[in-house]
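Written below as structure tokens is the structure these notes are about.
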Amino acid sequence: MWWIYVLVGLGCLIAGAALGFFIARRYMMSYLKKNPPINEQMLRVLLMQMGQKPSQKKINQMMKAMNNQAK
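See the structure below:
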């Protein structure tokens, strides 16, 4: 009879872990969509630090490439 309690406990543990994973994944996806890790200003500063003069065309190309890679 004790094995029923063990099976119910294991089932609840597995269900809780799966539910927690999917909730955390959805939260992180929405957070990263609202707050992208790199924006145009950060990219401009990065290029200037590397010794390149950033043109708007180059920044737009790099942003588009990063967005395509993220998808």
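Just so we're aligned, residue 1 is where the sequence shown starts under my numbering, counting upward by one.
The C-beta atom is built at its ideal place from N, Cα and C for all residues, glycine as well.
Since this is a predicted model, take the numbers as computed values, not measurements.
With distances taken between CB atoms, is the gap from residue i to residue j smaller than 9 Å?
i	j	result
L47	I38	no
L43	M29	no
Alpha carbon to alpha carbon, what distance is there between residue j and residue i?
i	j	result
Q49	N68	24 Å
I31	F22	Checking the sequence, you will find Tyr at residue 31 rather than Ile. Taking the straight line joining both Cα atoms gives about 14 Å.
G20	K57	42 Å
G11	R25	21 Å
Q41	Y27	25 Å
Identify which residue in the options has its Cα closest to the Cα of residue i.
i	options	result
K64	M1, P36, I14, G51	P36
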